[in-house]
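Below is one structure, written out as structure tokens, with a few remarks after it.
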Amino acid sequence: MIPLLTADEMRVVERQAIEGWGVPSLVLQEHAALGALALLPPGQPVHVLAGPGNNGGDALALARLARLEGREVSVWSPSAQPGWRGDAAHQARLWKGLGGEIRTSTAPAEAMAVWRGWVVDGLLGLGTTRPLEGAALAWVRALNASGLPVLALDLPSGLDPSAAEIPGEAVRATRTACFGHRKVCHGLMPAREACGDITVVPIPLDRAPRAALQLLERPILPPRAWDAHKGSFGHVVIRAGSLGMSGAAVLSALGALRVGAGLVTVLTDPEVRAEVAAQVPEAMVRPWQGTLPAEADVLLVGPGGIDQVPDWEGPLVLDASALKEGEGKRWMERPGTAITPHPGEFARLFRLPRPMLMDERLAQARQVSTGKPGVLLLKGAQSVLAGGAREELWINPTGHPGLATGGSGDLLAGMVAGFRAQGLPMREAVAAAAWFHGAAADRLPGAGLLPRDLADQLPELLRG
Ligand SMILES: NC(=O)C1=CN([C@@H]2O[C@H](COP(=O)(O)OP(=O)(O)OC[C@H]3O[C@@H](n4cnc5c(N)ncnc54)[C@H](OP(=O)(O)O)[C@@H]3O)[C@@H](O)[C@H]2O)[C@@H](O)CC1
Ligand SMILES: [K+]
């Protein structure tokens, strides 16, 4: 799990090092500047933009270190009166002590027209409180129009460190030297795209900070015992598939089987039983007669037009038609339940406005999941995972728009059930399914992707 910190959470980490451990803040700044300098191609000229706060201080420190390396360096401030205080003022003195100048211009595009090499963006970082305006905005516009490669210090100036959305204009960086820990803007789209290649520069701070938002990494699956048999990997029961929608039942069954469930029983509407059975011979396919097999480990309901949820006390995965208007709260309060809506289904389920932006999806996911035992997977680009009586939100970074195709969600729901049947706790089962589903897509071209192709990728992907 990669923590994505808000500015406030990062300030806590910073204070702990400076006030708690007694690390001088200039030491942190020197580590940051040295780490960032290492990301610039050797020998090239460097043009450093230094803003009013400590991001500007980092930039001035980098300018000094780059000059000591023998590079050609120029330093620019958008303001004729930068008004540096504290560490940034100290860095300005050190730079001037090397004979360095600090230049400014009211026509940044003209100044940049003769630049060669790299630009270092040290205008604004963690202290960004509002959209860019005035001179800073003019410099960022000129920089984005210049076509010059840019190394952003900590974050591209103009981004809100704690948000996914870009509040106005922001630097489009080639690379970003992110100091200590990733902030929210380094993990979530669209802000993440403005960062270019991100390198986390280690500085002497707590390695395990508190973060309410975390990015999923490849899930670690429990090892399979050498003497395991099909009963060891659980029995998934899938209530899915009706006339004209038998494919959803097939894909759900494939999802559960391809992630390693031991047994899969599909209970379809009677008229599609034969066509489902013909397409997935590895599953037991029976007509729905109103009762569940006694030995089920997990029940998946919904794919292929099934909207009635049978009485059942065990682990339950609900998708598609089973996600009925206004019933979200009920399912979030049921222990052992996972719901996997896309934003439209989510809005209907919880009678909320459809969440369009990433920051809205996060806020609404938090709103409906806080303190609730049910697990929510709010699907979309960068799916949001919440609930399971845990506070933090997880974000899935894998996958691409090719997944927005019929049947992809049915496969995913089957994967959730398949992982849960093998003993993963529900939240971990949902995380594993979301991650591997996206990772399977990442191995395939975007357009024309078929969910069954994803299923075929899974065994090899799971082997690692
Ligand atoms: N965390 C750590 O451990 C470490 C952090 N380090 C470095 O410190 C950086 C944070 O420094 P920082 O706190 O001084 O904030 P920073 O972003 O430089 O500027 C704040 C100034 O900008 C102003 N301002 C705000 N928005 C504005 C706007 N839209 N347009 C114009 N101005 C705007 C704001 O003014 P105000 O809002 O107060 O009016 C204030 O004057 C961090 O990103 C990293 O690089 C490293 O050295 C190592 C360890
Ligand atoms: K910056």
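This note's numbering puts the sequence shown at residues 39 to 502.
Glycine residues also receive a C-beta, built at the ideal position from the N, C-alpha and C atoms.
Using the Cα positions of Leu423 and Leu500, report the straight-line distance between them to the nearest angstrom.
Within the sequence shown, the letter at position 385 stands for residue 423. Within the sequence shown, the letter at position 462 stands for residue 500. In a straight line, the C-alpha of Leu423 is about 21 Å away from that of Leu500.
At a cut-off of 7 Å, is Ala190 close to ligand 2 when judged by its beta-carbon and the heavy atoms of the ligand?
The residue labelled residue 190 in the question sits at position 152 within the sequence shown. It does: the Cβ of Ala190 is within 7 Å (strictly closer) of some heavy atom of ligand 2.
Check whether Gly340 and Leu361 have beta carbons under 8 Å apart:
Here residue 340 refers to the residue found at position 302 when the sequence shown is read from its first residue. Here residue 361 refers to the residue found at position 323 when the sequence shown is read from its first residue. Taking a C-beta distance under 8 Å as the contact criterion, Gly340 and Leu361 qualify as a contact pair.
Excluding the 5 residues preceding and the 5 following Pro435 in the sequence, name in chain order all residues of the same chain whose CB lies nearer than 8 Å to its CB.
For the purposes of this step, residue 435 is taken as the residue at position 397 of the sequence shown. So the qualifying residues of the chain are Gly225, Leu253, Leu254, Gln420 and Gly476.
Val302 to Leu295, Cα distance in whole Å?
What you label residue 302 is simply residue 264 of the sequence shown in a count that begins at 1. What you label residue 295 is simply residue 257 of the sequence shown in a count that begins at 1. Cα to Cα, the separation comes out at about 7 Å.
Alpha carbon to alpha carbon, how far is Glu383 from Val347? Give it in angstroms, no decimals.
Reading the sequence shown from its first residue, position 309 is the one you call residue 347. Reading the sequence shown from its first residue, position 345 is the one you call residue 383. Their Cα atoms are separated by approximately 16 Å.
For Gln252, list the residues DSSP reports as bridge partners.
Counting from 1 along the sequence shown, the entry for residue 252 is found at position 214. DSSP, once it has assigned bridges, lists Pro41 and Trp432 as partnering Gln252.
Just to confirm, is the Cβ distance from Val178 to Val222 under 8 Å?
Position 140 of the sequence shown, counted from the start, is the residue given in the question as residue 178. Position 184 of the sequence shown, counted from the start, is the residue given in the question as residue 222. In this structure, Val222 does not lie closer than 8 Å to Val178 by Cβ.
Under the three-state DSSP convention, the category Ser112 falls into
The count along the sequence shown starts at 1 and reaches residue 112 at position 74. Three-state result, Ser112: strand.
Do you know how far the Cα of Leu43 is from the Cα of Ala246?
Along the sequence shown, one-based indexing puts residue 246 at 208. Along the sequence shown, one-based indexing puts residue 43 at 5. The straight-line gap separating the alpha-carbon atoms of Ala246 and Leu43 is approximately 11 Å.
Relative to the alpha-carbon of Ala385, which residue among Thr375, Leu78, Lys367 and Ile40 has its alpha-carbon at the smallest distance?
To locate residue 385, count along the sequence shown from 1; it is residue 347. Cα-wise, what sits closest to Ala385 is Lys367.
Would the C-beta of Thr237 count as close to ligand 1, meaning under 7 Å from any of its heavy atoms?
Taking the first residue of the sequence shown as 1, we reach residue 237 at position 199. It does not: the Cβ of Thr237 is nowhere closer than 7 Å to a heavy atom of ligand 1.
Between which two residues does the beta strand (DSSP E) carrying Arg123 extend?
Here residue 123 refers to the residue found at position 85 when the sequence shown is read from its first residue. Careful: Arg123 lies outside any beta strand (DSSP E) and carries neither H nor E.
Should Asp159 be listed as close to ligand 2, given that the test is whether its C-beta is under 7 Å from any heavy atom?
Looking up residue 159 in the sequence shown gives position 121. Answer for Asp159: yes, Cβ within range of ligand 2.
Glu265 classed as buried or exposed, judged by whether at least 16 other C-beta atoms fall within 10 angstroms:
Here the question's residue 265 lines up with position 227 in the sequence shown. Note that residue 265 corresponds to Asp in the displayed sequence, not to Glu. It counts as exposed.
For the stretch 123-136 against the stretch 163-174, do three or more pairs of beta-carbon atoms, one drawn from each stretch, fall closer than 8 Å, so that the two count as touching?
no
Around the Cβ of Thr408, are there at least 16 other Cβ atoms within 10 angstroms (buried) or fewer (exposed)?
As a working mapping, residue 408 is identified with position 370 in the sequence shown. So Thr408 counts as exposed.
Below 8 Å between beta carbons: does that hold for Trp156 and Leu78?
Indexing the sequence shown from 1 puts residue 156 at position 118. Indexing the sequence shown from 1 puts residue 78 at position 40. Yes.
Is it true that the CB of Asp397 sits closer than 8 Å to the CB of Ala250?
For the purposes of this step, residue 250 is taken as residue 212 along the sequence shown, with counting starting at 1. For the purposes of this step, residue 397 is taken as residue 359 along the sequence shown, with counting starting at 1. No, the pair does not count as a contact, with Cβ atoms beyond the cut-off.
If you follow the alpha helix (DSSP H) that His224 is part of, which residue opens it and which one closes it?
Taking the first residue of the sequence shown as 1, we reach residue 224 at position 186. Counting along the chain, His224 falls outside any alpha helix (DSSP H), and DSSP gives it neither H nor E.
What do you reckon, is the C-beta of Pro194 under 7 Å from a heavy atom of ligand 2?
For this step, residue 194 is matched to residue 156 along the sequence shown. Under cutoff, so the answer is yes.
Grab the span of the beta strand (DSSP E) containing Leu338 for me, first residue to last.
Stepping through the sequence shown from its first residue, residue 338 is reached at position 300. Taken as a continuous stretch (DSSP letters only), the beta strand (DSSP E) holding Leu338 covers Val336 to Val339.
For Gly374, collect the residues of the same chain with a Cβ closer than 7 Å to its Cβ; drop the 5 residues on either side in sequence, then sort them by chain order.
Residue numbering aside, residue 374 sits at position 336 when the sequence shown is read from its first letter. Closer than 7 Å at the Cβ level, and outside the excluded window around Gly374, lie Gly352, Pro353, Leu354 and Met464.
Could you check whether the Cβ of Asn182 sits closer than 7 Å to any heavy atom belonging to ligand 2?
Translated into the one-based positions of the sequence shown, residue 182 becomes position 144. The answer is no for Asn182.
What are the residues that DSSP puts in a beta bridge with Asp235?
Sequence index remark: in the sequence shown, residue 235 carries index 197 (1-based). Arg213.
Would you call Ile258 buried or exposed, if buried means 16 or more other Cβ atoms sit within 10 Å of its Cβ?
The residue labelled residue 258 in the question sits at position 220 within the sequence shown. The residue in question, Ile258, is exposed, as its Cβ has fewer than 16 Cβ neighbours within 10 Å.
With a Cβ-Cβ cutoff of 8 Å, do Gly163 and Leu292 count as a contact?
The sequence position of residue 163 within the sequence shown is 125, counting from 1. The sequence position of residue 292 within the sequence shown is 254, counting from 1. No, the Cβ-Cβ distance between Gly163 and Leu292 is not below 8 Å.
Hey, does Pro247 have any beta-carbon neighbour from chain C nearer than 8 Å?
Among the chains of the structure shown, chain C does not appear; only one protein chain is present.
Roughly how many angstroms separate the alpha carbons of Leu338 and Leu450, rounded to a whole number?
In the sequence shown, the residue the question calls residue 338 occupies position 300. In the sequence shown, the residue the question calls residue 450 occupies position 412. Roughly 11 Å between the two C-alpha positions.
Kindly indicate which three-state DSSP category Ala424 falls into: helix, strand or coil?
Position 386 of the sequence shown, counting from 1, holds the residue named residue 424. Correct three-state label for Ala424: strand.
Answer with buried or exposed for Val304, where buried requires no fewer than 16 other C-beta atoms within 10 angstroms of its C-beta.
Numbered from its first residue, the sequence shown carries residue 304 at position 266. Buried: at least 16 other Cβ atoms inside 10 Å.
So, using beta-carbon positions, are Ala459 and Gly272 closer together than 8 Å?
Locating residue 459 in the sequence shown gives position 421, where the first residue counts as 1. Locating residue 272 in the sequence shown gives position 234, where the first residue counts as 1. Closer than 8 Å, so yes.
In terms of alpha-carbon separation, which member of Leu193, Cys216 and Ala229 lies closest to Pro205?
If you number the sequence shown from 1, residue 205 lands on position 167. Of Leu193, Cys216 and Ala229, the residue nearest in Cα terms is Ala229.
In chain order, what residues of the same chain lie with their CB nearer than 6 Å to the CB of Ala122, ignoring the 5 residues before and after it?
On the sequence shown, position 84 is the one that residue 122 refers to. Residue identity differs from the one stated: residue 122 is Trp in this sequence, not Ala. Counting only Cβ-Cβ distances below 6 Å, and skipping sequence neighbours, we find Ala130.
CB contact flag (Ala215, Leu186, <8 Å)
In the sequence shown, residue 215 corresponds to position 177, counting from 1. In the sequence shown, residue 186 corresponds to position 148, counting from 1. Cβ distance not < 8 Å, so Ala215 and Leu186 don't count as in contact.
Go through its chain and collect everything with a Cβ distance to Asp235's Cβ below 8 Å, but skip five positions before and after it.
Taking the sequence shown and counting its residues from 1, the one referred to as residue 235 is at position 197. Correct list, in chain order: Thr212, Arg213 and Thr214.
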